[in-house]
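These notes concern the structure reproduced below.
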Amino acid sequence: MKVAVAGATGRTGSEIVAELRERDHDVLALSRDPTDDQRDLDDLAAVLTETDPDALIDFTVPEATVEHAAVAAETGVPLVVGTTGFDDDGFAALADAAREIPVLRASNFARGVHALRDIVQAGVEALPEYDVELTETHHNGKRDAPSGTALTLLDDIEDARETELDRTHGREGEHERAPEEVGVHVRRAGNVRGEHEVLLAGNDEVVTLTHRAESRRVFAAGAVDAAEALAGRPAGEYDFPDVL
Ligand SMILES: NC(=O)C1=CN([C@@H]2O[C@H](COP(=O)(O)OP(=O)(O)OC[C@H]3O[C@@H](n4cnc5c(N)ncnc54)[C@H](O)[C@@H]3O)[C@@H](O)[C@H]2O)C=CC1
Ligand SMILES: O=C(O)C1=N[C@H](C(=O)O)C[C@H](O)C1
1 MKVAVAGATG RTGSEIVAEL RERDHDVLAL SRDPTDDQRD LDDLAAVLTE TDPDALIDFT
61 VPEATVEHAA VAAETGVPLV VGTTGFDDDG FAALADAARE IPVLRASNFA RGVHALRDIV
121 QAGVEALPEY DVELTETHHN GKRDAPSGTA LTLLDDIEDA RETELDRTHG REGEHERAPE
181 EVGVHVRRAG NVRGEHEVLL AGNDEVVTLT HRAESRRVFA AGAVDAAEAL AGRPAGEYDF
241 PDVL
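Residue numbers for the sequence shown follow the UniProt record's numbering, so the first one is 1 and each next one is one higher.
Below is the structure:
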């Protein structure tokens, strides 16, 4: 395949470029400040029209991904989105693009996180009365909080509980826990690649479910798997489990 990568110089995008090359794909690394072996991200429409890649993978920032999605839709290039931190307008823009092209967005491309999602759902259904607390830890350069994965897990917990939860972001001062509360805790430190813990606590016992990424290559492998699986699919919105 020929795959374009927006965010190719980033922490994750650079791993995606390496993964693509290891799989012998033809890589179009896109950068705002292109070197000899990169293409100019600011000329995305011209580059996609000229090169006609089988997919565009985007791990940048929400405001850029939204623009890239519109260009991908105009040029008919399937889109894989790993960027997190979208607001409602951002999600709407991706949905608009998905009217024209297949768009696969996932807050986390580590296959283990999707296993964790299934395990968390089973745990919450088995222990409906237990208190739930979620903690995510990432490197000290991460822009958005809570992580996209944490927000996905919170949605999964609400679906399993069949109720909207009171998402409490940290606690301080006097704060008695309300019945439908779920504590959300964010840590930023060092170069932690990504850790998500869901704690289920009842009287006299605790169940802790954790995923920890040891390398960004795990995200890169999943994103490339997604790009390979998306080729040839009809326009629409896809999630990573759709192609696992
Ligand atoms: N879905 C998943 O599995 C994963 C998602 N992510 C998400 O991917 C995104 C990027 O994360 P990192 O690689 O750590 O970030 P990073 O900061 O290392 O890389 C961001 C890339 O985007 C480019 N960029 C920044 N602003 C831009 C703009 N305005 N226009 C065009 N390009 C721009 C940068 O040059 C860089 O190449 C974040 O939203 C993060 O949450 C990260 C890892 C895994
Ligand atoms: O910024 C990161 O690094 C990551 N972000 C994603 C998120 O916000 O969930 C996925 C992964 O945890 C790494």
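Ideal Cβ positions, reconstructed from N, Cα and C, are used throughout, including at glycine.
A quick note: this is a predicted structure, and the numbers were derived from the prediction, not measured.
Helix, strand or coil for residue i per DSSP?
{"i": "residue 248", "result": "The chain is shown from 1 up to 244; residue 248 falls before or after that span and cannot be answered."}
{"i": "residue 286", "result": "Only positions 1 to 244 of the chain appear in this structure, which leaves residue 286 out of reach."}
{"i": "G202", "result": "strand"}
{"i": "V224", "result": "helix"}
{"i": "T163", "result": "coil"}
{"i": "A101", "result": "Position check: residue 101 holds Ile in this sequence, whereas Ala was assumed. Correct three-state label for I101: coil."}
{"i": "L127", "result": "coil"}
{"i": "V218", "result": "helix"}
{"i": "R212", "result": "strand"}
{"i": "S14", "result": "helix"}
{"i": "D88", "result": "helix"}
Looking only at its own chain, which residues have a Cβ that is under 7 angstroms from the Cβ of residue i, when we skip the five neighbours before and after it?
{"i": "V198", "result": "V120, V132, L134, L153, L209"}
{"i": "V186", "result": "E136, A145, P146"}
{"i": "residue 301", "result": "There is simply no residue 301 to check, as the chain begins at 1 and stops at 244 in what is shown."}
{"i": "V192", "result": "T137, H138, H139"}
{"i": "A221", "result": "E19"}
{"i": "H114", "result": "F240, P241, L244"}
{"i": "F109", "result": "G82, F219, G222, A223, A226, F240"}
At a cut-off of 7 angstroms, would you count residue i as near ligand 2, judging by its Cβ distance to the nearest heavy atom?
{"i": "H114", "result": "no"}
{"i": "G194", "result": "yes"}
{"i": "K2", "result": "no"}
{"i": "H175", "result": "no"}
{"i": "D144", "result": "yes"}
{"i": "F219", "result": "yes"}
{"i": "S147", "result": "yes"}
{"i": "T210", "result": "no"}
{"i": "T84", "result": "yes"}
Could you check the C-alpha separation between residue i and residue j for me, to the nearest Å?
{"i": "D155", "j": "E164", "result": "9 angstroms"}
{"i": "A18", "j": "A213", "result": "18 angstroms"}
{"i": "T75", "j": "D54", "result": "11 angstroms"}
{"i": "R99", "j": "A72", "result": "11 angstroms"}
{"i": "D26", "j": "L56", "result": "12 angstroms"}
{"i": "D225", "j": "E129", "result": "38 angstroms"}
{"i": "L230", "j": "P78", "result": "7 angstroms"}
{"i": "G148", "j": "R111", "result": "15 angstroms"}
{"i": "G7", "j": "L94", "result": "17 angstroms"}
Starting from the C-beta of residue i, find all residues in its chain whose C-beta is less than 8 angstroms away, skip the five residues before and the five after it, and write them out in chain order.
{"i": "L127", "result": "L200, G202, V207"}
{"i": "V243", "result": "L104, D225, A226, A229, L230"}
{"i": "D37", "result": "A29"}
Beta-carbon within less than 6 angstroms of residue i's beta-carbon, same chain only, minus the 5 sequence neighbours each way: which residues are those?
{"i": "E181", "result": "D166, T168"}
{"i": "E39", "result": "Note on identity: in this sequence residue 39 is Arg, with Glu being the wrong assignment. Closer than 6 angstroms at Cβ, skipping near neighbours: L28, L30, V47."}
{"i": "T35", "result": "none"}
{"i": "R23", "result": "none"}
{"i": "E205", "result": "none"}
{"i": "R233", "result": "P102"}
{"i": "G190", "result": "none"}
Around the Cβ of residue i, are there at least 16 other Cβ atoms within 10 angstroms (buried) or fewer (exposed)?
{"i": "S215", "result": "exposed"}
{"i": "D52", "result": "exposed"}
{"i": "E15", "result": "buried"}
{"i": "D58", "result": "buried"}
{"i": "G82", "result": "buried"}
{"i": "H175", "result": "exposed"}
{"i": "G141", "result": "exposed"}
{"i": "P179", "result": "exposed"}
{"i": "R105", "result": "buried"}
{"i": "R32", "result": "exposed"}
{"i": "R117", "result": "buried"}
{"i": "residue 274", "result": "Any question about residue 274 goes unanswered here, given that the chain covers just 1 to 244."}
Let me check you understand the geometry: is the CB of residue i closer than 7 angstroms to at least one non-hydrogen atom of ligand 1?
{"i": "A8", "result": "yes"}
{"i": "L28", "result": "no"}
{"i": "N108", "result": "yes"}
{"i": "T137", "result": "no"}
{"i": "V61", "result": "yes"}
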